[in-house]
Amino acid sequence: MARKLKDPWPRQRVGLGGWVRDHWRIANEAFSYVSLRFGTSLLVWLLVGIALALPSGLYLLQQNLADMTQGWEGRPGLSLYFEPGVEPAVLAAAAQQLQDRSEVAEVKVIDQAQALADFREFGALGDALDILGDNPLPASIRATLATDATLADLETLARIAERGEGVTDVVLEKTWLERVIDISTLVTRLGLVLGALFALGAVLVTATSVRLAIEARLEEVRVMKLVGATEGQIRRPFLYFGALYGLGGAIVAAMLLSAALLVVEQPINHLLNSYGQGLELSGFNPIFLVALLVTGAVLGVLGSLLAAHQRLADLAIH
Amino acid sequence: MGHIEFHQVSKRFENGFEALHRVSATFEEGSMSFLTGHSGAGKSTFLRLLLCLDRPTRGQILVNGINVTQLSSSRLPYYRQHLGAVFQDHHLLSQRTIYDNVAIPLRVAGMKERDIGRRVRAALTRVDLLSKERLLPAHLSTGEQQRVGIARAVVTRPKILLADEPTGNLDPQLSRDIMELFRQFNQVGTTVIIASHDRDLIEDMGERIVELANGSITRDSRGPAAQAQSDTLAVT
Ligand SMILES: Nc1ncnc2c1ncn2[C@@H]1O[C@H](COP(=O)(O)OP(=O)(O)OP(=O)(O)O)[C@@H](O)[C@H]1O
Ligand SMILES: [Mg+2]
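From first to last, the protein sequence lines are chains C and A.
Per the numbering used here: the first sequence = residues 1 to 318.
Per the numbering used here: the second sequence = residues 1001 to 1236.
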């Protein structure tokens, strides 16, 4: 029996047509399985949906905060204060230098006389200055940033301005912006942490549900194995279950998010109006929805891979 | 392509029980054999090893010269696709029609739905159940269910057909019909091995009988039908 034999059981080449047919049939079966057990499926969708809604809601929030810091209309800026008796030419040169920078939108020069005039407009205290004789108010330049300038630009600008001739002090006006950016960073971090946790939750929920589906179809799995189904073929229906659970969850998440947006839209606008800001809530667009669906499906498939690995890997046939 | 050889095959389970002890036997291509012996003799274990549902602790099982005990898990499915197996408890899927049950192996093999239809109907015709293709297994009698199991095992036209107590709880006449059905498949060249402890029935069949006792072969005899067949096999 030493003769060399060719493989009597060659790997079946199913071909693209067969592959598509098989997937189509199994997808249909999975769909009817899931819809026949609508109650259970709905529960899974809700759980997965909630797990997806929270991190994606935070993502939306973060996106909107980022938009806000970019298109901020309160326009941060900086004021440069000069030593007393500074030459008008120095002031003009500094103003020109600022004006030439692309991130600066507007420059306003306030010389000592102007500063005094402004001060006097406040009334009573103005007279106090007459006692001093000399004008103690410094000349200053106020620069307002362009709309597309960032907080980093503002800080660079401040560092340059500090080194300018006769400059005693640079005051940044950025508190509000800074706060938004802090919140935005926090939201991003929180989103990442919660996203990871809740994604894991979604995976485990689908894994458990798919595990139940496997349990319900164990007899079928055994028959499939007996008649020579490959691991891939045996796993395939369950991957579809996982994908359907994940997709359904994503749809629930999208519904939850749009409901949440409806609820928060008004108070947010109200809040922002009080800061002189108008805001269109953005980010809840087709690309976001597609990404949400894909994420849901991928997490669902991961869950079912987990379940399949646990239950099917070395299933004995009795 | 249905030649089977057991070489000194032993199977010891995790609990230390040795169900088969150095079993050697050859089953020629196109032969028909019965495996018999007392309950617990090792008949099912023998068939399970051949189906690679379990691995032997020692020895070789050669099918067409290839040691199937060494098949990798990725090649195993393709080996099983060339076997047909029938069990006492039919393993029919209760939620699926007779037609869909019989179609499973063909779908696994990736066959076109039109060809599947033709093959399934041919197999159901062989077991005389074509009229019941749309029913669920629960609507069939035990004997009919067993025949559906046989149709599913032969629908791929395997070169080897294995059956474990296929007549387990059928009345004598039905049992005989089922055995005759197996003989028909054997007559078109399929190697058939059937485990059964129905002594009277298998003696009547006149085929080869391999008897196991406590995991060893204690008898290997060929009845008149087997004699006649090996003569014709020798001539051709
Ligand atoms: N997984 C297992 N672990 C331990 N012992 C086992 C296992 N499977 C089978 N056995 C033992 O191996 C022996 C042979 O079992 P097997 O099923 O092959 O017998 P059999 O000849 O088919 O019997 P029957 O006619 O009752 O079906 C029995 O004693 C059984 O208890
Ligand atoms: Mg048995």
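Where a beta carbon is used, it is the ideal one built from N, C-alpha and C, also for glycine.
{"Asked": "T1232 of chain A, buried or exposed, once every other Cβ within 10 Å from all chains shown has been counted against 16", "Found": "exposed"}
{"Asked": "C-alpha distance - A216 of chain C paired with V1154 of chain A, whole-angstrom precision", "Found": "27 Å"}
{"Asked": "Under 7 Å between C-beta atoms of A1122 of chain A and A1151 of chain A", "Found": "no"}
{"Asked": "According to DSSP, residues forming a beta bridge with K1159 of chain A", "Found": "BP columns for K1159 of chain A are empty, so no partner."}
{"Asked": "Proximity test, A1041 of chain A beta-carbon vs ligand 1 heavy atom, cut-off 6 Å", "Found": "yes"}
{"Asked": "Alpha-carbon to alpha-carbon, R1208 of chain A and R1199 of chain A", "Found": "12 Å"}
{"Asked": "As assigned by DSSP and simplified to three states, the class of G1037 of chain A", "Found": "strand"}
{"Asked": "Rounded straight-line distance, which links the Cα of A30 of chain C to that of W24 of chain C", "Found": "10 Å"}
{"Asked": "Cβ-heavy atom distance, S1044 of chain A to ligand 4, below 6 Å", "Found": "With respect to ligand 4, the structure shown offers nothing to examine, as its ligands consist of ligand 1 and ligand 2."}
{"Asked": "Buried or exposed (CB count within 10 angstroms, at least 16 for buried), E73 of chain C", "Found": "Annotation note: pLDDT 49 at E73 of chain C (below 50); position unreliable, coordinate value reported separately. Exposed, since its Cβ has fewer than 16 Cβ neighbours within 10 Å."}
{"Asked": "Any non-hydrogen atom of ligand 1 within 6 Å of N1298 of chain A CB", "Found": "Given that chain A is displayed from residue 1001 to residue 1236, the structure contains no residue 1298 of chain A and the question cannot be resolved."}
{"Asked": "Alpha carbon of L1106 of chain A to alpha carbon of N1169 of chain A, nearest angstrom", "Found": "28 Å"}
{"Asked": "7 Å CB neighbourhood of L289 of chain C in its chain, flanking five on each side removed", "Found": "A254"}
{"Asked": "Helix, strand or coil at A139 of chain C [DSSP, three-state]", "Found": "coil"}
{"Asked": "Burial state of I111 of chain C (16 or more Cβ within 10 Å)", "Found": "Reading off the sequence shown, one finds Asp at residue 111 of chain C, where the question assumed Ile. With 16 or more other Cβ atoms within 10 Å, it is buried."}
{"Asked": "Any chain A beta carbon closer than 7 Å to E220 of chain C", "Found": "yes"}
{"Asked": "Start and end residues, beta strand (DSSP E) containing G1059 of chain A", "Found": "1058-1063"}
{"Asked": "Simplified DSSP assignment, three categories, for M1001 of chain A", "Found": "coil"}
{"Asked": "As assigned by DSSP and simplified to three states, the class of I1269 of chain A", "Found": "Chain A is shown from 1001 up to 1236; residue 1269 of chain A falls before or after that span and cannot be answered."}
{"Asked": "Beta strand (DSSP E) segments (min. 3 residues) lying fully within the segment 1128-1189 of chain A", "Found": "1160-1164"}
{"Asked": "Beta-bridge partners of E162 of chain C, as assigned by DSSP", "Found": "DSSP, once it has assigned bridges, lists no residue as partnering E162 of chain C."}
{"Asked": "Through-space distance from L157 of chain C to G300 of chain C, alpha-carbon basis", "Found": "49 Å"}
{"Asked": "Beta carbon of I141 of chain C nearer than 7 Å to that of L65 of chain C", "Found": "no"}
{"Asked": "Residue range of the unbroken beta strand (DSSP E) whose run includes D148 of chain C", "Found": "Unbroken run through D148 of chain C: none, as it is neither H nor E."}
{"Asked": "Burial state of S1031 of chain A, where buried means 16 or more other Cβ atoms lie within 10 Å", "Found": "buried"}
{"Asked": "Under 8 Å by beta carbon: chain C residues contacting V1023 of chain A", "Found": "Those do not exist, as V1023 of chain A stays about 18 Å from chain C at its closest Cβ, beyond 8 Å."}
{"Asked": "F1034 of chain A Cβ short of 6 Å to ligand 1 heavy atom set", "Found": "no"}
{"Asked": "T40 of chain C at chain A interface by Cβ criterion, 7 Å", "Found": "no"}
{"Asked": "Length at least 4, wholly inside the segment 186-263 of chain C: the alpha helix (DSSP H) runs in chain order", "Found": "218-226"}
{"Asked": "Against chain A: residues of the segment 224-239 of chain C by CB proximity under 7 Å", "Found": "M224, L226, V227, G228, A229, T230, Q233"}
{"Asked": "Per-residue contacts from P1166 of chain A into chain C (C-beta, under 8 Å)", "Found": "Ordered by position in chain C, no residue passes the 8 Å Cβ test against P1166 of chain A, which lies about 15 Å from the chain."}
{"Asked": "Among C:F284, C:L78, C:L16, C:E87, the one whose alpha carbon lies nearest that of L262 of chain C", "Found": "C:F284"}
{"Asked": "Which of helix, strand or coil DSSP assigns to G77 of chain C", "Found": "strand"}
{"Asked": "7 Å Cβ cutoff, R311 of chain C in contact with chain A", "Found": "no"}
{"Asked": "Cβ of I317 of chain C within 7 Å of any chain A Cβ", "Found": "yes"}
{"Asked": "Where the segment 1050-1062 of chain A meets chain C: residues whose CB sits under 8 Å from a CB there", "Found": "L1051, L1053, L1062"}
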